[in-house]
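Those protein sequences? They're chains A and B, same order as listed.
Residues in the first sequence are numbered from 0 upward in steps of one, following numbering that gives the first Met the number 0.
Residues in the second sequence are numbered from 0 upward in steps of one, following numbering that gives the first Met the number 0.
Ideal Cβ placement from N, Cα and C applies to all residues, glycine included.
If you're wondering where the values come from, they're calculated on a predicted model, not measured in any experiment.
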Amino acid sequence: MISLENVSKKFGKNIVFENLNLQFKPGSINGIVGENGAGKTTLFRCIAGFESYEGRIDSHKNPLKNHLGYLMTNPYLLEKITGLEYIELLLYAREISIKNIAQHNIFDLPLKEYATNYSTGMKKKLAITAMLLLNNDYFILDEPFSGLDIQSNMLLTEIIQKLRSLNKTILLSSHIFGGLEQLCDVIHLLQKGKPLQTVLPPQYDSLKETMMQSIHRTKIDTLPLKYSDS
Amino acid sequence: MHYYFRLQHKRLLRYLKELGVPVPLALLALVCFWGAVSTLLYERLEWAAYWVVVLAGTILIKLSGVERSTFLFHVFGKQKSRYIGLVEAAALLLFFVPGLVLHQAYAATGIIVAMCFLRPFFGRWRSTSIVGPSFFRKRPFEFLAGYRKTILLYLALGIVCSIAVWVNNYNLALVCMSVVLLNAYGFYTATEEAYFIWIFKQESSSFLAKKCRDAFLNSLLYSLPFLVCLLVFFSANFDTSLFVWFLGSAAIFLMIISKYAAYPLSINLSQAVVLGLGFSFPFLFIIIIPLFIKKSLRNLYPILDD
């Protein structure tokens, strides 16, 4: 369980979110949605401990960060380090010993090549593999599906469902509503300057409709796009 | 394209502002620092001009990085990106050539001029994808990555050190070991992403202690062939060799605590001045070291303990 009590975050005078009260239960998948800049990643960074905040964030297991797997939108990789060495580094940091890492290479990555030479999708797969080997209880997955191929998306969906069945607490953000609809037990909508909206599966369709209505289609006409003769 | 140079000028000014001192003062300090370093280099080292060539070559390789070159190529096209390359190379020449000409190093000047003006006409620099062997594996990543990045320098220093033993030149062998340690010092200058600190299970004090211990053990391993060579073949100077090795290792330790004392920013000018004062008056380290450790722990606390 992760619980947030009156959590607020400001950057100078800019209020990102205010007085958030949330509970993320074990064995649940919690979707976080919102427009770009609504504060999804900032919320994740606050929970992970990368950002300071006002209010309280508590967890069943402490310190939270040592039981948390955090998949960033664009995972950080180090130069001149192979995929295998990246995994070994994270295992070493968390004091976990796994003898045959290669047998857990679920995405068939070329682990002996430099990770910085991987494609965008492969980098994400590497970060997911490493995160899953760290024996975490809580997971923050920030845009986990972006950059992945269709097969890997399907595999990741199954992995997330397995994590739920193992009583893990999962926080997930995605810009693909279909993925969230399929996976999440609850969706929280973050909107700038508005209170948090919590939506349960029966109301997902109306949430989708609300989000569609907020699209500013008329703004497309302001672009200087011209008809092509050829 | 002129906008590109105006933008570069703006970026340069921003970097200087981040140093925490007024821009004119930072520029003056940079010029004085380079003047002092190059004077010392030309006075103390027999092959100083060629070390300058190596330095200029390293900067050129950085400027020719594949991502940067591809960006310029896509935005400006082939001709204009070459022109930008030439202007940047000319700026680099302004920095190095006066010193070389002043010290009558005409051959080195010729090499630098040729490198700078021919560079834009060659392809984009690609770093090798061949995975080099390493003694260091996962612990710590600074040595693992640093060793691979500078393996050619390490091998070249090994060859020069062997020649130094062959011709019985103690000073040259000592310089080789110093450069090896200086290179290891450089492994810790880059500020890592917070994620690579956050992921560690330890509290800030244990994390810092572990970083320093790993750096000490690995710098010993890294410089051991050179140290052994000095102790065996120049045993009469064993005290100087050990002293220089100790200084090099102490500098790595200072680099680590300075880096985290400034974290998440890079080491600023005021910190560099404090370190410089420490090296000039070593007794000041009695104050500087605890101060930097305290600041490091304060900066690491929110990431590891909070």
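Three-state secondary structure (DSSP) of residue i
i: Arg297 (chain B); result: helix
i: Asp136 (chain A); result: coil
i: Asp220 (chain A); result: helix
i: Tyr113 (chain A); result: strand
i: Asn170 (chain B); result: helix
i: Asp238 (chain B); result: helix
i: Tyr75 (chain A); result: coil
i: Asn267 (chain B); result: coil
i: Ser172 (chain A); result: strand
i: Val32 (chain A); result: strand
i: Ser27 (chain A); result: strand
i: Gln190 (chain A); result: coil
i: Val178 (chain B); result: helix
i: Thr81 (chain A); result: strand
i: Tyr187 (chain B); result: coil
i: Leu70 (chain A); result: strand
i: Leu21 (chain A); result: strand
i: Val130 (chain B); result: coil
i: Ile14 (chain A); result: strand
Where the alpha helix (DSSP H) containing residue i begins and where it ends
i: Asp213 (chain B); result: Ser203 to Phe232
i: Phe10 (chain A); result: Taken as a continuous stretch (DSSP letters only), Phe10 (chain A) belongs to no alpha helix (DSSP H), being part of the beta strand (DSSP E) at Ile1 to Phe10.
i: Asp204 (chain A); result: Tyr203 to Gln212
i: Asn152 (chain A); result: Ile149 to Ser164
i: Leu71 (chain B); result: Val65 to Leu101
i: Ala25 (chain B); result: Val22 to Arg43
i: Gln7 (chain B); result: His1 to Glu17
i: Ala107 (chain B); result: Tyr105 to Leu117
i: Asp128 (chain A); result: Strictly speaking, residue 128 (chain A) in this sequence is Thr, with Asp absent from that position. Thr119 to Leu131 is the span of the alpha helix (DSSP H), which, as asked, contains Thr128 (chain A).
i: Ile100 (chain A); result: That residue, Ile100 (chain A), is in no alpha helix (DSSP H); it is neither H nor E in DSSP.
i: Ile150 (chain B); result: Ile150 to Trp165
i: Trp46 (chain B); result: Where Trp46 (chain B) is concerned, there is no enclosing alpha helix (DSSP H), given that its DSSP letter is neither H nor E.
i: Ala47 (chain A); result: Lys39 to Ala47
i: Ile196 (chain B); result: Tyr194 to Trp197
Residue of the options minimising C-alpha distance to residue i
i: Val179 (chain B); options: B:Leu253, B:Leu296, B:Leu220 and B:Pro23; result: B:Leu220
i: Arg212 (chain B); options: B:Val174, B:Leu27 and B:Leu253; result: B:Leu253
i: Ile288 (chain B); options: B:Ile110, B:Tyr259, B:Leu303 and B:Asn267; result: B:Tyr259
i: Phe94 (chain B); options: B:Ala106, B:Ser80, B:Gln78 and B:Cys115; result: B:Cys115
i: Val15 (chain A); options: A:Ser2, A:Ser27, A:Gly38 and A:His103; result: A:Gly38
i: Ser85 (chain A); options: A:Tyr117, A:Gln196 and A:Leu170; result: The sequence given here has Tyr at residue 85 (chain A), not Ser. Considering only alpha carbons, the answer is A:Tyr117.
i: Gln7 (chain B); options: B:Ala90, B:Gly34, B:Gly145 and B:Leu246; result: B:Ala90
i: Leu44 (chain B); options: B:Leu143, B:Val174 and B:Ile255; result: B:Val174
i: Leu77 (chain A); options: B:Glu141, B:Trp46 and B:Thr69; result: B:Glu141
i: Ile244 (chain B); options: B:Asp304, B:Ile256, B:Leu85 and B:Leu181; result: Checking the sequence shown, residue 244 (chain B) turns out to be Trp, not Ile. Of the candidates B:Asp304, B:Ile256, B:Leu85 and B:Leu181, the one whose C-alpha sits nearest the C-alpha of Trp244 (chain B) is B:Leu181.
i: Glu192 (chain B); options: A:Pro74, A:Lys207, A:Met0 and A:Leu155; result: A:Pro74
i: Ile95 (chain A); options: A:Tyr52, A:Gln202 and A:Met130; result: A:Met130
i: Ala28 (chain B); options: B:Phe284, B:Ala271, B:Ser80 and B:Gly98; result: B:Ala271
i: Glu112 (chain A); options: A:Leu125, A:Leu140 and A:Gln22; result: A:Leu125
i: Leu108 (chain A); options: A:Asn166, A:Thr209 and A:Gly120; result: A:Gly120
i: Glu235 (chain A); options: A:Asn35, A:Arg55 and A:Asn13; result: Within the shown structure, residues of chain A are numbered from 0 to 229, placing residue 235 (chain A) beyond reach of any answer.
i: Val311 (chain B); options: B:Leu216, B:Arg147 and B:Arg118; result: Absent from the model: residue 311 (chain B). The displayed extent of chain B is 0 to 305, so no value can be given.
i: Gln181 (chain A); options: A:Ser2, A:Leu199 and A:Tyr52; result: A:Leu199
i: Ala155 (chain B); options: B:Pro281, B:Leu101 and B:Met176; result: B:Met176
i: Leu2 (chain B); options: B:Trp46, B:Lys79, B:Leu40 and B:Leu229; result: In the sequence under discussion, the amino acid at residue 2 (chain B) is Tyr, which differs from the Leu named in the question. Tyr2 (chain B) has its Cα closest to that of B:Lys79, out of B:Trp46, B:Lys79, B:Leu40 and B:Leu229.
Bounding residues of the beta strand (DSSP E) (the contiguous stretch that carries residue i)
i: Asp57 (chain A); result: Glu53 to Ser58
i: Asn65 (chain A); result: Unbroken run through Asn65 (chain A): none, as it is neither H nor E.
i: Val198 (chain A); result: Gln196 to Val198
Partners in chain C for residue i, counting only beta-carbon separations shorter than 8 Å
i: Ile256 (chain B); result: Included in the structure are the protein chains A and B, with no chain C among them.
Stretch-stretch touch, CB-based, cutoff 8 Å, three pairs: the region 46-55 of chain A with the region 24-32 of chain A: no
Where the region 93-127 of chain A meets chain B: residues whose CB sits under 7 Å from a CB there: Arg93, Glu94, Lys111, Glu112, Tyr113 and Asn116
When Cβ atoms are compared, which residues of the region 58-82 of chain A fall closer than 9 Å to chain B? Pro62, Lys64, Asn65, Tyr69, Met71, Pro74, Tyr75, Leu77, Glu78, Lys79, Ile80 and Thr81
Below 8 Å, how does it come out for the region 52-68 of chain A and the region 174-190 of chain A: are there three or more Cβ pairs, yes or no? No, the region 52-68 of chain A is not in contact with the region 174-190 of chain A.
Give, in chain order, every residue of the region 205-236 of chain B whose Cβ lies closer than 9 Å to some Cβ of chain A. none
Contact list for the region 143-154 of chain B against chain A, Cβ threshold 9 Å: Leu143, Ala144, Gly145, Tyr146, Arg147 and Lys148
Give, in chain order, every residue of the region 0-20 of chain A whose Cβ lies closer than 8 Å to some Cβ of chain B. none
Listed in chain order, which residues of the region 71-97 of chain B have Cβ atoms closer than 8 Å to some Cβ of chain A? none
Three-pair Cβ contact test at 8 Å for the region 236-254 of chain B versus the region 199-206 of chain B: no
Output needed in chain order: residues of the region 284-298 of chain B with a Cβ under 7 Å from some Cβ in chain A. none
Count the CB pairs spanning the region 160-168 of chain A and the region 85-101 of chain A that are closer than 8 Å, and state whether there are at least three. no
Measuring CB atoms only, is the region 260-268 of chain B touching the region 158-176 of chain B, in the sense that at least three cross pairs come out at less than 8 Å? no
At least three beta-carbon pairs within less than 8 Å, the region 181-196 of chain A to the region 8-27 of chain A: Yes: the two stretches touch, three or more of their Cβ pairs being nearer than 8 Å.
Pairs of beta-carbons, one from the region 14-21 of chain B and one from the region 52-59 of chain B, closer than 8 Å: are there three or more? no
Residues in the region 145-179 of chain A with C-beta within 9 Å of chain B's C-beta atoms, listed in sequence order? none
Against chain A, which members of the region 54-69 of chain B pass a CB distance test of less than 9 Å? Legend: CB atoms of the region 54-69 of chain B lying less than 9 Å from CB atoms of chain A are not found in any residue.
The region 36-59 of chain A: positions lying closer than 8 Å to chain B by Cβ: Ala47, Gly48, Phe49 and Ser51
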